[in-house]
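Asker: Here it is, the structure in full.
See the structure below:
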């Protein structure tokens, strides 16, 4: 039965664009699974909470309003022998659990072959990972899971920066938006305004009040991208290789407003910003954008689809590369969460992928 399902998946036209069918497999329904949810996610409501409780036993449902303070809860879940651990609350929530699981493996508390897959539930903002693995509405997926559905498991390559493992990260305007969004949220936390500036509304407020004015005043960054792997590639606008780079060779030296790495095509809110992320196994896509804020705003609907003028972009494939930001540190984001300021980062393909699951519909 599983082999038949796997063959069906390989030809499934409903699969999200950019997903490699050879990296998907099906496993039997988990006997025991935990559900860990971010109760501060924009989509989390009393109605959703009641619906979740219909399909998840109380003993297996864990809620937190701050994943940075959820270490004990995560340790409890990962030490409880669950067959799968589902989580929802946005991309940062999923990545937090990916890294917590890897930390447990590295510490010797869990054998890699015994590690449970991480289930992805669509909750919160962004949801690039949920889009990539094909997660449906959270209640629909939990209902299917409760009914005994097998799991569709994606083997997802990750990028590492020495501190985190993630499917996408970047410098520049995207990180500015996230840092500004965090600033706005913190200004109104625990006030009547909090619900109005969480999610897309909050991004709109932070973009209009902080990010765009700053971008208009600044000239952007100068960056240098150096290939540190055995070989790196530059791509044209059609994804064709037009140049190879030797170890230590500079691949790019010039202006940049956004510089990001990714192993999945999406960048949150279904923006297909990394069309070549799965082009070559074992590589990540690095994309840099040098357009100005006025041209971006004028073509925002196209930008939202990842359709950007080719002369404003430079696309690369690397296994390892260093990005140096000249003159001043700039904002950095990891999987949609603000990560402060950096003036240099080394990105490389992580040794081990993540195994991310959704119920088979």
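Numbering (the numbering used here), first residue to last: 33 to 393. Here a beta-carbon is modelled for each residue, glycine too, at the ideal position from N, C-alpha and C. All of these numbers come straight from a predicted model, not from anything done at the bench.
(1) Assuming residue 376 and residue 390 form a contact by the criterion Cβ under 8 angstroms, report the distance between their Cβ atoms to the nearest whole angstrom.
(2) Three-state secondary structure (DSSP) at residue 172?
(3) Using CA atoms only, rank isn't needed, just tell me which of 134, 262, 324 and 65 is closest to residue 109.
(4) Can residue 295 and residue 191 be called in contact, C-beta distance under 8 angstroms?
(5) Given residue 45, which residues of its chain have a CB within under 6 angstroms of its CB, disregarding the five upstream and five downstream residues?
(6) Check the C-beta distance from residue 148 over to residue 185 and give it rounded, since I have them as a contact under 8 angstroms.
(7) Please classify residue 274: does DSSP put it in a helix, a strand, or coil?
(8) Does the beta-carbon of residue 268 have 16 or more other beta-carbons within 10 angstroms, so that it is buried, or is it exposed?
(9) Thinking just about the alpha-carbon of each residue, which of 170, 125, 278 and 84 is nearest to the one in residue 154?
(10) For residue 266 and residue 98, I'd like the C-alpha separation in whole angstroms.
(11) When DSSP labels each residue in this structure, what does residue 57 get in the three-state scheme?
(12) From residue 290 to residue 370, what distance separates their C-alpha atoms?
(13) Could you spell out the range, first to last residue, of the beta strand (DSSP E) harbouring residue 152?
(14) On the CB-based measure, 16 or more other CB atoms within 10 Å of its CB, does residue 358 come out buried or exposed?
(15) Decide if residue 240 is buried, meaning its Cβ has at least 16 other Cβ atoms within 10 Å, or exposed.
(16) Tell me whether residue 274 is buried or exposed, calling it buried when 16 or more other Cβ atoms sit within 10 Å of its Cβ.
(17) Would you grab the beta carbon distance between residue 234 and residue 216 for me? Rounded to a whole angstrom, and I think it's under 8 angstroms.
(18) Taking the C-alpha atoms as reference points, what is the distance between residue 120 and residue 364?
(19) Looking only at its own chain, which residues have a Cβ that is under 6 angstroms from the Cβ of residue 136, when we skip the five neighbours before and after it?
(20) So for residue 41, helix, strand or coil by DSSP?
(21) Would residue 58 and residue 260 qualify as a contact pair, given that the criterion is a beta-carbon distance under 8 angstroms?
(22) The beta strand (DSSP E) spanning residue 185 covers which residue range?
(23) Would you verify that the beta carbon of residue 368 is, or is not, closer than 8 angstroms to some beta carbon of chain C?
(24) Please list, in chain order, all residues of the same chain as residue 343 whose beta carbon is under 7 angstroms from its beta carbon, the five residues on each side excluded.
(25) With burial defined as no fewer than 16 other Cβ atoms inside 10 Å of the residue's Cβ, what is the status of residue 282: buried or exposed?
(26) Considering only the alpha carbon of each residue, which of 322, 306, 350 and 77 lies closest to residue 161?
Answerer: Looking at the coordinates:
(1) Within the chain shown, residue 376 is the residue found at index 344, counting from 1. Within the chain shown, residue 390 is the residue found at index 358, counting from 1. Contact flag wrong, Cβ pair sits at about 36 angstroms.
(2) By 1-based counting over the chain shown, the position of residue 172 is 140. In the structure shown, residue 172 sits in a helix (DSSP, three-state: H, G or I).
(3) Taking the chain shown and counting its residues from 1, the one referred to as residue 109 is at position 77. For residue 109, the nearest C-alpha among the options comes from 65.
(4) Walking along the chain shown from the start, residue 295 turns up at place 263. Walking along the chain shown from the start, residue 191 turns up at place 159. In terms of Cβ geometry, residue 295 and residue 191 form a close pair [threshold 8 angstroms].
(5) Your numbering for residue 45 matches position 13 in the chain shown. Note on residue 45: pLDDT 43, under 50, position unreliable in the model; the coordinate value appears next. Result list for residue 45: empty, nothing under 6 angstroms.
(6) Looking up residue 148 in the chain shown gives position 116. Looking up residue 185 in the chain shown gives position 153. Incorrect: roughly 10 angstroms between the Cβ atoms, too far for contact.
(7) The residue given as residue 274 occupies position 242 in the chain shown. Residue 274 sits in a strand when the DSSP states are folded into three classes.
(8) Working through the chain shown from its first residue, we reach residue 268 at position 236. Counting the other CB atoms within 10 Å of its CB gives residue 268 a total below 16, which places it among the exposed residues.
(9) Your numbering for residue 154 matches position 122 in the chain shown. That would be 170, whose Cα lies nearest to the Cα of residue 154.
(10) For the purposes of this step, residue 266 is identified with residue 234 of the chain shown, where counting begins at 1. For the purposes of this step, residue 98 is identified with residue 66 of the chain shown, where counting begins at 1. Whole-angstrom Cα-Cα distance: 40 angstroms.
(11) If you number the chain shown from 1, residue 57 lands on position 25. Strand at residue 57.
(12) Position 258 of the chain shown, counted from the first residue, corresponds to residue 290. Position 338 of the chain shown, counted from the first residue, corresponds to residue 370. Rounded to whole angstroms, residue 290 to residue 370 spans 14 angstroms at the Cα level.
(13) What you label residue 152 is simply residue 120 of the chain shown in a count that begins at 1. Taken as a continuous stretch (DSSP letters only), the beta strand (DSSP E) holding residue 152 covers 150-153.
(14) For this step, residue 358 is matched to residue 326 along the chain shown. Exposed, because fewer than 16 other Cβ atoms sit within 10 Å of the Cβ of residue 358.
(15) Numbered from its first residue, the chain shown carries residue 240 at position 208. Classification of residue 240: exposed, given that the 10 Å Cβ count is below 16.
(16) Here residue 274 refers to the residue found at position 242 of the chain shown. So residue 274 counts as exposed.
(17) If you number the chain shown from 1, residue 234 lands on position 202. If you number the chain shown from 1, residue 216 lands on position 184. Indeed they touch by this definition, with Cβ atoms about 6 angstroms apart.
(18) The residue given as residue 120 occupies position 88 in the chain shown. The residue given as residue 364 occupies position 332 in the chain shown. Between residue 120 and residue 364, the C-alpha separation is close to 23 angstroms.
(19) Taking the first residue of the chain shown as 1, we reach residue 136 at position 104. Cβ neighbours of residue 136 within its own chain (closer than 6 angstroms, five residues either side excluded): 110 and 142.
(20) The sequence position of residue 41 within the chain shown is 9, counting from 1. Note that residue 41 scores 43 on pLDDT, short of 50, meaning its location in the model is unreliable; the coordinates nonetheless yield the value given after this. Three-state result, residue 41: helix.
(21) Walking along the chain shown from the start, residue 58 turns up at place 26. Walking along the chain shown from the start, residue 260 turns up at place 228. Against a cut-off of 8 angstroms, the Cβ pair of residue 260 and residue 58 comes out as no contact.
(22) To locate residue 185, count along the chain shown from 1; it is residue 153. Counting along the chain, the beta strand (DSSP E) containing residue 185 begins and ends at 183-188.
(23) You won't find chain C in this structure, because it holds only one protein chain.
(24) By one-based count along the chain shown, residue 343 stands at place 311. There are no such residues.
(25) One-based indexing of the chain shown puts residue 282 at position 250. With fewer than 16 neighbouring CB atoms inside 10 Å of its own CB, residue 282 falls in the exposed class.
(26) As a position in the chain shown, residue 161 is number 129, starting the count at 1. Of the candidates 322, 306, 350 and 77, the one whose C-alpha sits nearest the C-alpha of residue 161 is 306.
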